[in-house]
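Numbering (my numbering), first residue to last: 2 to 99. C-beta: ideal position from N, C-alpha, C; glycine also. Because the structure is a prediction, the values reported are computed rather than measured.
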């Protein structure tokens with residue numbers, strides 16, 4: 002007894018029909034959701050800022066204690082980033098703080 006296996010073309014047709022059903026169901030549910038949202042916004046007098054507050058970015062600005070000091074000028078450097086001219090190409094131990 003041979004079971005019928007759907008051909009590639011039949012499966013593609015089924016997928017197309019399913020995708021159409023999915024799109025239709027989504028459209029109906031989105032419309033229903035929007036109707037509920039609009040009703041709530043109107044009932045509570047909400048503004049766009051209430052519903053979608055502006056995103057606040059919290060930046061980490063952790064300051065780093067300086068590790069090196071220029072005895073001539075008092076300038077300091079944390080040891081991060083590009084070294085300043087007064088320490089570049091020199092032995093850093095002589096400029097170390099504490």
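- Fewer than three beta-carbon pairs drawn from the stretch 58 to 67 and the stretch 20 to 40 are found closer than 8 Å, and the two stretches are therefore not classed as touching.
- When DSSP reads this structure, residue 97 sits in a beta bridge with 69.
- For residue 93, same chain residues with a beta-carbon under 7 Å away, outside a window of 5 residues either side, are 69 in chain order.
- Around the beta carbon of residue 45, a 10 Å sphere encloses fewer than 16 other beta carbons of the protein chains shown; the residue is thus reported as exposed.
- For residue 67, same chain residues with a beta-carbon under 7 Å away, outside a window of 5 residues either side, are 77, 78, 79, 98 in chain order.
- Taking the C-beta atoms as reference points, residue 65 is found nearer than 8 Å to residue 81.
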